[in-house]
Amino acid sequence: MDKVVRSAADAVADVGDNASLAVGGFGLCGIPSVLIQALLDKGVSGLDVTSNNCGVDEWGLGLLLRERRITRMTSSYVGENKEFARQYLSGELEVELTPQGTLAERLRAGGTGIPAFFTRTGVGTQVADGGVPWKYDAEGNVAVASPPKEVREFDGLDYVLERAIVCDFGLVRAWKGDRHGNLVFRESARNFNPLCAMSGRVTVAEVEELVEPGDLAPDEVHLPGIFVQRVVPLTAEQAADKRIERRTVRQKGA
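For the record, in the sequence shown the residue sitting at position 158 is 158 according to full-length UniProt numbering, with numbers rising by one throughout.
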């Protein structure tokens with residue numbers, strides 16, 4: 001039951017080339033930055049990554065992207081990452097853009113054993129009809145486009161069928177966690193982290209504070225340990241290293 005591993009490097013030792021990853025976080029909030037760095041150091045490539053976004057140019061998943069370690073992204077947001085946009089538009093990266101709520105539900109469905117579901121989101125658009133550019137060629141032509149999806153009528157309304165997402169590995173960051181893998185996420189860091197943890201066949205959690213089994217009240221656990229296979233306790237320095245995507249301030253007294 002003790003799922004604690006010695007280091008982030010040990011925790012991702014079996015992540016190989018061409019693995020699929022579900023990576024938690026939103027922007028730079030709640031991202032598993034230590035595990036991402038461990039993957040960068042390991043040198044794996046050809047990664048197929050599902051995450052709300054791809055970090056920024058110099059942090060988070062942006063580090064793997066910069067080194068050409070990621071070949072495909074399933075995301076809902078390009079955000080502040082200029083290299084992400086450049087690689088996509090130049091044909092170096094395949095990108096499946098997915099509505100944010102749909103992406104969240106696809107991850108949750110994958111973790112609960114639901115193979116697919118119907119949703120109103122995307123009906124009447126290229127999300128359902130197909131044709132969304134997934135990959136361009138070097139000349140800017142569409143090389144790979146999204147296929148059409150099944151649309152079915154329920155109670156007089158059309159719904160589009162969306163497939164669940166299951167990945168080889170889930171990588172997440174938690175505020176607190178115990179040795180059994182029970183996790184607590186702090187405020188807005190409880191975004192895509194529980195969902196990405198659920199969708200991974202093997203899930204690794206880096207935790208800012210490791211506690212003993214029984215220290216977490218059952219009612220405060222956001223993700224039960226059954227979804228987590230490995231726990232990496234962070235040092236105080238690692239836990240404090242949190243970046244801000246875009247700092248906005250005003251002059252004092254303004």
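Don't be surprised by glycine CBs; every beta carbon is placed ideally from N, CA and C.
All values reported here derive from a predicted model rather than from experimental measurement.
So, using beta-carbon positions, are residue i and residue j closer together than 8 angstroms?
i, j, result
"L28", "R243", "yes"
"A248", "Q229", "In the sequence as displayed, the identity of residue 248 is Thr instead of Ala. Contact: no."
"A22", "L47", "no"
"L195", "R108", "yes"
"F192", "H222", "no"
"F118", "V56", "no"
"A13", "L35", "no"
"A174", "V211", "no"
"D137", "G101", "no"
"A128", "G122", "yes"
"V231", "A205", "yes"
Among the options, which has the Cα closest to the Cα of residue i?
i, options, result
"S33", "G225, V172 and Q251", "V172"
"E94", "Y159, S75, L161 and R106", "S75"
"R246", "Y136, N81 and M73", "N81"
"E83", "E96, G170 and R68", "R68"
"A239", "K176, G225, H180 and P99", "K176"
"L213", "H180, V231, A189 and V232", "As written in the sequence, residue 213 is Pro, which differs from the Leu given in the question. Of the listed residues, the one whose Cα sits closest to P213 is H180."
"T50", "A197, P233 and V232", "A197"
"G79", "E105, N52, L89 and T102", "N52"
"D215", "T112, G225, P99 and D178", "D178"
"G113", "Y77, V44 and S199", "S199"
"A236", "E209, P224, A104 and E187", "E209"
"A11", "Y77, E150, G30 and K42", "K42"
"V142", "V151, K149 and V132", "V132"
"G156", "E150, D241, R120 and G253", "R120"
What's the gap between the Cα of residue i and the Cα of residue j?
i, j, result
"V166", "G110", "5 angstroms"
"P147", "G124", "14 angstroms"
"E96", "I70", "13 angstroms"
"E58", "D158", "42 angstroms"
"R201", "A164", "13 angstroms"
"K135", "G60", "23 angstroms"
"Q126", "C54", "23 angstroms"
"A85", "V5", "36 angstroms"
"M73", "G130", "18 angstroms"
"D17", "L40", "12 angstroms"
"P233", "D2", "12 angstroms"
"A38", "R106", "27 angstroms"
"Q251", "F26", "28 angstroms"
"Y88", "D219", "43 angstroms"
"G30", "Y77", "16 angstroms"
"I226", "A104", "20 angstroms"
"T98", "G24", "16 angstroms"
"residue 304", "K149", "Absent from the model: residue 304. The displayed extent of the chain is 1 to 254, so no value can be given."
"E162", "E153", "14 angstroms"
"F169", "V44", "13 angstroms"
"P224", "E187", "17 angstroms"
Note the first and the last residue of the continuous beta strand (DSSP E) segment covering residue i.
i, result
"L47", "L47 to T50"
"E153", "V151 to F154"
"residue 256", "It is not possible to answer for residue 256, since the shown part of the chain is limited to 1 through 254."
"V142", "V142 to A145"
"V5", "Here V5 belongs to no beta strand (DSSP E), and DSSP marks it neither H nor E."
"V221", "Element bounds for V221: n/a, residue is neither H nor E."
"V232", "R230 to P233"
"A116", "A116 to T119"
Specify, as a first and last residue, the run of the alpha helix (DSSP H) that residue i falls within.
i, result
"E94", "First-last for E94: E94 to L97, but that is the beta strand (DSSP E), not the alpha helix (DSSP H)."
"Y77", "Taken as a continuous stretch (DSSP letters only), Y77 belongs to no alpha helix (DSSP H), as it is neither H nor E."
"K135", "No alpha helix (DSSP H) contains K135, which is instead part of the beta strand (DSSP E) from P133 to Y136."
"T102", "Q100 to T112"
"K42", "S33 to K42"
So within the stretch 158-207, which uninterrupted alpha helix (DSSP H) runs reach at least 4 residues, ignoring any that extend past its ends?
193-199
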